[in-house]
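Using this note's numbering, the letters of the sequence shown map in sequence onto residues 70 to 379. Worksheet: the structure to be examined is printed underneath.
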Amino acid sequence: MQVHTDISSLPSFKNAVITVGTFDGVHKGHQHLIHRIKALASAIDGESVLITFDPHPRAIVFPDDRSLRILSIPEEKIELLHQLSVDHLVVAPFTKTFSQLPARDYVERFLVGNFHPAIIAIGYNHQFGHHRDGNIELLRKLSATYHFKVEEITKQLVDDIEVSSTRIRIALQEGDVKTARHLLGHYYSLQGPVVQGNQLGRKLGYPTANIAVEDSFKLIPADGVYVIQARLKQEVLHGVASIGFRPTVNGTNRTVEAFLFDYDTTLYGEILKIEFMEWLRPEIKFETVDLMIAAIDNDVAQAKAILAKK
């Protein structure tokens, strides 16, 4: 997959089959669409081209709204899309000026002007242009003028549940990482550099890696304890992660901490990625530290039992 970030220096695409969207999470609905554009491109000896934006459009259109939560930061999105073997990924800059393009200009100047598509494939509910005035009907009206075909992708259902980024966000905010994985088609993950904490975990016999999630828009699942799979460079590890405020020790900041099984190397500065496999329990304020340690003992035992069945 070739990644393009400079719109002014795009190559000439051969019989481009394009699709456009934020592709947040690259979930099963997105995967269905991507498989379709690859098949369409193959049928006409063309190239599949996926167009997405950075930053997220909502961050530009509603700059004062801090409620936006995204499932995949740009690096994660690129990694997930690379696994799906799209020919080209175009990451277009989303600006205030771009957001004000009328829908027709968006098609004529952005899509046709840059990509000269043979086929435009979009989801059944896709909207575009200033005030989201454009839709699939406008594309159909313009298709004869600009010599492209339009392919509508219907909604994707998983066990009769419509797949959407919103539905996945709700599941994660409830700690339901199993449903999130089912709809995503992959584990939900967080990643960031390991930073120094107060080393309380080490004193308790459970040294943890404190992960700094640097993108403020990245969705962090519900507070609680989870079974995780961790990736450190080329190494795959397992453990438990705790998200929350550590009320037993009067913590004030929300933290993401991972205890990795059979691993006791200092990780400060390393990029650690954790993938959420299962929810174990909510965050609890224990009456004593000894009760907290007993609960962690139980968390670890439960996690190892779950992992043994995988």
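Glycine is no exception: its CB is placed at the ideal position from the N, C-alpha and C atoms. Treat the numbers as computed from the prediction; the structure is a model and nothing was measured.
- In the structure shown, the three-state DSSP call for D359 is helix.
- Of the residues V160, H96, G90, the one whose Cα lies closest to the Cα of L79 is V160.
- Boundaries of the beta strand (DSSP E) around L301: 293 to 301.
- In the DSSP assignment, A240 falls within the alpha helix (DSSP H) that extends over 234 to 242.
- For the alpha helix (DSSP H) assignment, the uninterrupted runs of no fewer than 4 residues enclosed by the segment 127 to 202 are, from N- to C-terminal side, 143 to 152, 165 to 168.
- In the structure shown, the three-state DSSP call for E231 is strand.
- The Cβ atoms of D359 and S234 lie no closer than 8 angstroms to each other.
- In the DSSP assignment, the residues bridged to I120 are V89, V159.
- Looking at the backbone, the Cα of E231 and that of F184 are separated by about 30 angstroms.
- Non-local beta-carbon contacts of K83 in its own chain, meaning distances under 8 angstroms to residues more than five positions away in sequence, involve D114, G115, E116 in chain order.
- Between I280 and A327, the C-beta gap is smaller than 8 angstroms, which places the two residues in contact.
- V309 carries a strand assignment under DSSP once its states are collapsed to helix, strand and coil.
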